[in-house]
Amino acid sequence: MQIHVVKSKIHRVKVTGADLNYIGSITIDEDLMDAANIIEGEKIQIVNNNNGERLETYAIPGIRGSGEITLNGAAARKVAPGDILILITYALMDIEEAKKFKPALVFPNEENNLLS
1 MQIHVVKSKI HRVKVTGADL NYIGSITIDE DLMDAANIIE GEKIQIVNNN
51 NGERLETYAI PGIRGSGEIT LNGAAARKVA PGDILILITY ALMDIEEAKK
101 FKPALVFPNE ENNLLS
């Protein structure tokens, strides 16, 4: 049997932008992506603490060290700059592997989305 488990989580980042005219996705500072072990194009769940919205899209890297968190395309309608998000990815693995697996949990500075 295989189950979905949390692979990584970026906890409480602030939306820095919303670009309705982009073709889709979420742009994430590449330092945050690396810290959370998220790769370009990976499916990501977005939880908006401000309005309760939950949505899925895919990750694209933003400028390293910028703190950028920009929702693009239709997802831009689900956030406002300044909203606080939790970003989660999942992995499919067998149950014995899942029992031993440790997700990458990242807690950036909530004011600027940087790691320190």
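Take the sequence shown: its position 34, counted from the start at 1, is 34 in this note's numbering, and no numbers get skipped.
Backbone N, C-alpha and C fix where the C-beta goes; we use that ideal spot for every residue, glycine too.
Chain C within 7 angstroms of residue i, Cβ atoms only
{"i": "phenylalanine 107", "result": "In the displayed structure, chain C is absent; only one protein chain is listed."}
Residue i in three-state terms, based on DSSP
{"i": "isoleucine 39", "result": "coil"}
{"i": "glycine 65", "result": "coil"}
{"i": "leucine 55", "result": "strand"}
{"i": "aspartate 31", "result": "helix"}
{"i": "lysine 102", "result": "coil"}
CA nearest to the CA of residue i, picked from the options
{"i": "leucine 20", "options": "Ile60, Arg77, Leu92", "result": "Arg77"}
{"i": "leucine 85", "options": "Asp34, Glu96, Ile26", "result": "Ile26"}
{"i": "arginine 64", "options": "Asp94, Leu115, Asn72, Glu56", "result": "Leu115"}
{"i": "leucine 55", "options": "Gly24, Phe107, Gly82", "result": "Gly24"}
{"i": "alanine 75", "options": "Ile10, His11, Ile44", "result": "Ile44"}
{"i": "glutamate 40", "options": "Ile10, Gly62, Glu53, Lys9", "result": "Gly62"}
{"i": "threonine 89", "options": "Met33, Met1, Thr16", "result": "Met33"}
{"i": "isoleucine 46", "options": "Asp83, Leu87, Lys9", "result": "Leu87"}
{"i": "proline 81", "options": "Asn51, Ser8, Met1", "result": "Asn51"}
{"i": "tyrosine 22", "options": "Thr16, Gly73, Lys9", "result": "Gly73"}
Test item: CB-CB of residue i and residue j under 7 angstroms
{"i": "alanine 59", "j": "alanine 104", "result": "no"}
{"i": "asparagine 109", "j": "lysine 14", "result": "no"}
{"i": "glutamate 68", "j": "aspartate 29", "result": "yes"}
{"i": "alanine 98", "j": "isoleucine 38", "result": "no"}
{"i": "asparagine 48", "j": "valine 79", "result": "yes"}
{"i": "phenylalanine 107", "j": "histidine 11", "result": "yes"}
{"i": "alanine 18", "j": "leucine 71", "result": "yes"}
Identity of the residues DSSP links to residue i by a beta bridge
{"i": "threonine 89", "result": "Ser8"}
{"i": "alanine 25", "result": "The question names alanine, yet the displayed sequence has serine at residue 25. For serine 25, which the question treats as bridged, DSSP gives the partners Asn72."}
{"i": "aspartate 94", "result": "Gln2"}
{"i": "glycine 17", "result": "Thr70"}
Contact test: residue i Cβ vs the ligand FMN heavy atom, cutoff 6 angstroms
{"i": "histidine 4", "result": "Looking for the ligand FMN in the displayed structure turns up nothing, as the structure carries no ligands at all."}
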